[in-house]
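In this note's numbering, the protein residues as written are 3 to 252.
Glycine included, each C-beta is placed from N, C-alpha and C at the ideal position.
One structure is given here, and the rest of the page talks about it.
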Ligand code: 6PG
């Protein structure tokens, strides 16, 4: 199992977004300096919006070398990019349309296509091409951003899903019956746990119980299965989401 998570509690959602933006800038600078480029997998849902908005503005906007940045997505809903629930659509509106990242370096999941299995295979191929990984080798993201659902899901890895046992594929099409949009696509645990750094962004009182379950009770939930084998695991929480952790004032 990978390293223990580092947990940082921020005062509120704005401080959480600020800390997350700083982490992205730091990871980008380190990756470009040491490996000549920065590869990131963006999280979907609502929480990351505030972080993406900060990255789209000075000072953070000008501290990332967007020309050397490759953007992927941790997961996607089975909708077209212009759909309000599209993770790509949210990231494009809040960040990608506002920074000079070359379009060819933004790889979205073509979730609107007919054949889900073909979509997953196509995205796995895009990963392999970008990371130069042949069969058996795993893409190693410099940074993966993740959110946390109240049921303990992360990306589109939902409790009880067979994809949690996936040991070969890097990308999977999943049917998440509990989700508003059941057709989902997700990076698998193989890829997420191969990353150099994984950062969870979690805010709001409604997440306090599941944060406690994952971080204090080690409940067997998908988010608790994120333990990078040879990478750093960071949890950025706001005070409301951290309220039930041992030793924290409510
Ligand atoms: C998705 C996300 C998902 C999200 C959590 C938290 O596509 O739904 O990838 O894993 O991170 O559901 O979502 P909120 O940030 O909206 O609470």
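Burial is judged here by how many other beta carbons sit within 10 angstroms of a residue's own beta carbon; residue 110 has at least 16 and is buried. By the C-beta density criterion, residue 150 is buried, having at least 16 other C-beta atoms within 10 angstroms. Within its own chain, the residues whose Cβ lies closer than 7 Å to the Cβ of residue 214, once the five positions on either side in sequence are excluded, are 246 and 247, listed in chain order.
Straight-line measurement puts the Cα of residue 9 at about 6 Å from the Cα of residue 238. Secondary structure note for residue 213: its alpha helix (DSSP H) is the uninterrupted segment 210–217.
For residue 108, no alpha helix (DSSP H) segment is defined, and its DSSP state is neither H nor E. Relative to the ligand 6PG, the beta carbon of residue 13 is positioned no closer than 8 Å to any heavy atom. With fewer than 16 neighbouring CB atoms inside 10 Å of its own CB, residue 102 falls in the exposed class. Residue state for residue 190 is assigned as coil, using DSSP reduced to three classes. Shown here, residue 163 sits in coil according to DSSP, grouped into three states, outside any helix or strand. Remark: C-beta atoms of residue 227 and residue 191 approach each other more closely than 9 Å.
The C-beta distance from residue 183 to residue 79 rounds to 4 Å, short enough to fall under 8 Å.
Shortest gap from the CB of residue 150 to any heavy atom of the ligand 6PG: under 8 Å. If you draw a straight line from the Cα of residue 156 to the Cα of residue 148, it is about 6 Å long. In the structure shown, the three-state DSSP call for residue 88 is coil. Judged by their CB atoms, residue 200 and residue 243 are not nearer to each other than the 9 Å cut-off. Look at residue 48 here: in three-state DSSP terms it is coil, with no helix or strand label. Under the three-state reduction of DSSP, residue 94 is assigned to helix.
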